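First residue of the sequence shown? That's 34 in my numbering, and the numbers climb one at a time after it.
Using N, Cα and C, we set each Cβ at its ideal position, and we do this for glycine too.
Every value quoted in this text rests on a predicted model; they were computed, and no experiment measured them.
Notes for the one structure printed next.
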Amino acid sequence: MISDKIAGGIIGSPKIPGDKSISHRSIIIPSISNGICKVKNILKSDDVLHTLEAFKDMGVEIIQNKDEIIINGKGLNSLKKPKKDIYLGNSGTSARLLVGLLSAQKFNSTIIGDSSLSKRPMKRITDPLTKMNAIIKTFNGSLPIEIQGRHLASADIDITIPSAQIKSGLLLACINTEGISNITENNVTRDHTEIMLESFGAKIEISKKDNKKYIKIEGKNELKSKNINVPSDLSSSAFFIIATLINKNSKIILKNINNNPTRNGLLIALKKMGAKISILNKRYNNNEEVCDIEVLSSELNGCELEADMAALMIDEYPILSIAASFANSPSIFKGLNELRVKESDRLNLILKNLLNCGVECKIIDDSLYINPKKNYEIINNNIRTDFDHRIAMSFCVMGSKIGPLNILEAGSINTSFPTFKKEFNEVGGKIY
Ligand code: S3P
34 MISDKIAGGI IGSPKIPGDK SISHRSIIIP SISNGICKVK NILKSDDVLH
84 TLEAFKDMGV EIIQNKDEII INGKGLNSLK KPKKDIYLGN SGTSARLLVG
134 LLSAQKFNST IIGDSSLSKR PMKRITDPLT KMNAIIKTFN GSLPIEIQGR
184 HLASADIDIT IPSAQIKSGL LLACINTEGI SNITENNVTR DHTEIMLESF
234 GAKIEISKKD NKKYIKIEGK NELKSKNINV PSDLSSSAFF IIATLINKNS
284 KIILKNINNN PTRNGLLIAL KKMGAKISIL NKRYNNNEEV CDIEVLSSEL
334 NGCELEADMA ALMIDEYPIL SIAASFANSP SIFKGLNELR VKESDRLNLI
384 LKNLLNCGVE CKIIDDSLYI NPKKNYEIIN NNIRTDFDHR IAMSFCVMGS
434 KIGPLNILEA GSINTSFPTF KKEFNEVGGK IY
């Protein structure tokens, strides 16, 4: 895929698809609840469709209409042993959440994935689950994973890695385990699982002190389904927000975007950089904060982001690094260790590709340093993505400023945003 420099600005109101994290949970949680759930605006991307297929394979009745899916949940223990291994493609979220859920089911199961997912660390979820007596076999700490479903024991677990996937996998094990479990998070991460479980009637109590979060959850209480309207994804919006900020004569309006405070670090960072962003019409939808966002072309300043911001915007560093490349002063982003174990080694790919685009940057320990220039001379216009959707989309945005860039293996964009190219071109982008 080629992304080329644009002549005019980025203008319009692109349609951003449903939030990926909330879409996964909108299949998983209603599938183990009681009653009918109609889900609107669900993201129909490869990752989410793998979660959906997994639950169909476990006997859940799911009807897929054009504008909504309908899930007929039959309770915590209604899932059936799938006839084959559960294939989750590229989706780390599906894998970590399902390992937790399936470890407390009454049947055995095996989870497999594509080559990228099969390299990703799974001990981060299987180790804490063994504290609940789960029996799980990994292949050198990764997929394939064999799960021996059984009654688990409630436990008190401290999560030391900042990861919503670990927390969510544990909560989905606890929900089907007798007794009270206490989960402590040492860094606040996205809380979509807690929000949805609570609104489906789970017995869950949450408190916070300093940057720690304490979750007390009592298992074996049946959940009651509700309809869900999935807000649009801030992480997918980010590509349009940055494209607008860095290109002249640009203005976009994004509608119905998820603005969950455990997830909107990007907006805080961009404000710090002087971005002209207005958050409009704040409201709540299924207990998730949503808003509309207006963005104008802006002169950006560089900024220093401390490690405590990382969990609040972990998926946005690739695209934020593009914004920083067009600021009028240097930026430092700290505490980016987790970026090394995403769909690719994102920290390394950001560095390599920015250097190829002529940007002066370096990594020291887990911090990324970007020293922007007024004009860039491309050194190598082949952008290596290692099949990582967010790297591919970020460098499409880079291409809109300095292109042409040749984005390799760009099919991965279907992981989270199948309509990206169409929407980007409709607001003035040039992607072929
Ligand atoms: C996600 C959590 C994050 C994020 C991923 C989605 C989720 O991963 O990077 O894209 O839906 O829970 P970690 O929990 O591993 O940080």
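request  = Indicate whether R157 and G125 have their beta-carbon atoms separated by less than 7 Å.
outcome  = no
ask   = What does a CB cutoff of less than 8 Å around A206 pick up in its chain, not counting 5 residues either side in sequence?
value = G133, L134, S136, A137, L162, M165, A167 and L185
query = Just checking my contact of S66 with F233 at CB under 8 Å: how many whole Å lie between their CB atoms?
reply = 5 Å
Alpha-carbon to alpha-carbon, F140 and S400 = 44 Å
message = Alpha carbons only, please: which of A276, V374 and E321 is nearest the one belonging to N289?
response = E321
message = Given this structure, state the Cα-to-Cα distance separating N361 from T295, to the nearest angstrom.
response = 29 Å
ask   = Between the beta-carbon of S283 and the beta-carbon of S330, is there less than 7 Å?
value = yes
query = Leaving out the 5 sequence neighbours to the left and right, which residues in its chain are closer than 8 Å to R316 when beta-carbon positions are compared?
reply = E322, V323 and C324
request  = Would you kindly report the start and end of the unbroken alpha helix (DSSP H) that includes N370?
outcome  = Where N370 is concerned, there is no enclosing alpha helix (DSSP H), given that its DSSP letter is neither H nor E.
request  = Give a single yes or no on whether A87 has its beta carbon closer than 6 Å to a heavy atom of the ligand S3P.
outcome  = no
ask   = Do you know whose CA, among I104, F88 and L203, lies nearest K116's CA?
value = F88
request  = Kindly confirm or deny that the region 414-423 and the region 431-447 touch, where touching means at least three C-beta pairs closer than 8 Å.
outcome  = yes
request  = Tell me, please, whether the region 257-276 touches the region 211-223 by the rule of three or more beta-carbon pairs shorter than 8 Å.
outcome  = no
inquiry  = Run through the DSSP bridge pairs and tell me what N413 is partnered with.
reply    = Note: N413 sits in no beta bridge, so no partner.
task = With DSSP collapsed to three states, give me the class of T143.
result = strand
query = Which residues mark the beginning and the end of the alpha helix (DSSP H) in which P177 is found?
reply = Here P177 belongs to no alpha helix (DSSP H); instead the beta strand (DSSP E) covers S175 to Q181.
ask   = Mapping DSSP to helix, strand and coil, what is R223?
value = coil
message = Could you check whether the region 235-248 touches the region 40-51, counting it as contact only if at least three pairs of C-beta atoms, one from each stretch, sit closer than 8 Å?
response = no
query = Does the ligand S3P have a heavy atom nearer than 6 Å to the CB of S54?
reply = yes
request  = Evaluate the contact criterion for the region 357-371 versus the region 405-414: three or more CB pairs, one atom per stretch, below 8 Å.
outcome  = yes
ask   = Say the cut is 6 Å; is the CB of Q198 nearer than that to a heavy atom of the ligand S3P?
value = yes
ask   = In angstroms, rounded to a whole number, what distance separates the CA positions of G92 and E231?
value = 25 Å
Every unbroken alpha helix (DSSP H) inside the region 73-132 [4 residues or more] = 79-90
request  = Thinking G461 and G42 are a contact (beta carbons under 8 Å), I'd like their distance in whole angstroms, please.
outcome  = 6 Å
request  = Kindly indicate the opening and closing residues of the beta strand (DSSP E) around D189.
outcome  = D189 to I192
ask   = Going by other Cβ atoms of all chains shown within 10 Å of its Cβ, with 16 needed for buried, is Q198 buried or exposed?
value = buried
request  = Could you check how far apart the C-beta atoms of E339 and K367 are, in whole angstroms? I think they sit under 8 Å.
outcome  = 6 Å
ask   = Does DSSP put D341 in a helix, in a strand, or in coil?
value = helix
query = The alpha helix (DSSP H) with N361 in it runs from where to where?
reply = Where N361 is concerned, there is no enclosing alpha helix (DSSP H), given that its DSSP letter is neither H nor E.
key: N389, enclosing alpha helix (DSSP H) - first and last residue   = R379 to N389
request  = Could you have a look at T452 and say whether DSSP puts it in helix, strand or coil?
outcome  = coil
message = Just to confirm, is the Cβ distance from R58 to M306 under 7 Å?
response = no
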